[in-house]
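Taking it in order: structure first as structure tokens, then the write-up.
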Amino acid sequence: MLGHKHTAPSSSMQSPRRLYTWTSPLHSPKKIVRNQIDYILINKRYRNSLTSVKTYPGADIGSDHNPVVASLRCSMKTLKPKSKRQQMDVTRLKEPEIRLKTATEINMAVDRLNKELGPNVDVEETWTKLKEKLVNTGKRILQPLKCKIKNRWITEEILSLMEQRRTHKGVDDQQYKYIHKLIQTKDLKRKKNGWLTNALR
Numbered sequence: 001m002l003g004h005k006h007t008a009p010s011s012s013m014q015s016p017r018r019l020y021t022w023t024s025p026l027h028s029p030k031k032i033v034r035n036q037i038d039y040i041l042i043n044k045r046y047r048n049s050l051t052s053v054k055t056y057p058g059a060d061i062g063s064d065h066n067p068v069v070a071s072l073r074c075s076m077k078t079l080k081p082k083s084k085r086q087q088m089d090v091t092r093l094k095e096p097e098i099r100l101k102t103a104t105e106i107n108m109a110v111d112r113l114n115k116e117l118g119p120n121v122d123v124e125e126t127w128t129k130l131k132e133k134l135v136n137t138g139k140r141i142l143q144p145l146k147c148k149i150k151n152r153w154i155t156e157e158i159l160s161l162m163e164q165r166r167t168h169k170g171v172d173d174q175q176y177k178y179i180h181k182l183i184q185t186k187d188l189k190r191k192k193n194g195w196l197t198n199a200l201r
């Protein structure tokens, strides 16, 4: 059955002399019995990609059906690499020391910028340089934003142990195995099942 998203171009693009795709066993020069019963279906989205649709009555394929051949013009889509912009962890500004340090650094950067630019500078240039100093200050003080934790049943304590375990990998196997056992004893499976139960309520 022809869906609403598809079209049958072989019914409209073929030459009138090459419409039939099937020849009946009862066909004879005196009694012509042949019909167009084979079609090529294509999604309407790609309809313009078709350049021609032809039936080849003279092709010998060992069947009473004639092959229907379509020619398409395809252009491959070029994938553009996504630029991954590194975000700053602004949640660190909740810490008083980090907040004070950031404010001090920004004030110093603005003071230096005022001395560099002077009174008759363009607004666009001022904004560009100010933005550059703010971003550089943020990158220098604030650490890059870490990926969000998808496994919400993993606690901060377990994350801390995992970080400790990572530092011992390839350095101290005995300590690595010890911390690994500590992580396993935190009963991750029970916490995971508990979190899933609450999430599905």
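Numbering-wise (UniProt numbering), the sequence shown opens with residue 1 and increments by one.
Yeah, the Cβ is synthetic: ideal placement off N, Cα and C, and Gly gets one too.
For clarity, every value in this text was computed on a predicted model and none was experimentally measured.
By the Cβ test, the region 61–75 is not in contact with the region 86–94, since fewer than three Cβ pairs between them sit closer than 8 Å.
If you ignore the 5 residues before and after K133, its C-beta comes within less than 7 Å of the C-beta of A109 and L113, all in its own chain and listed in chain order. DSSP places R73 outside both helix and strand once states are collapsed to three, so it counts as coil.
In this model, T55 and K80 are separated by some 40 Å (Cα to Cα).
If you check the CB distance, K169 and Y178 do not come in under 8 Å.
Here V53 is buried, its C-beta having at least 16 other C-beta atoms within 10 Å. Within 10 angstroms of the beta-carbon of T7 lie 16 or more other beta-carbons, which makes it buried. Per DSSP, the unbroken alpha helix (DSSP H) holding S160 starts and ends at E156 to H168. In this structure, the CA atom of L182 is about 16 Å from the CA atom of D172. When secondary structure is reduced to three states using DSSP, T91 falls in the helix class.
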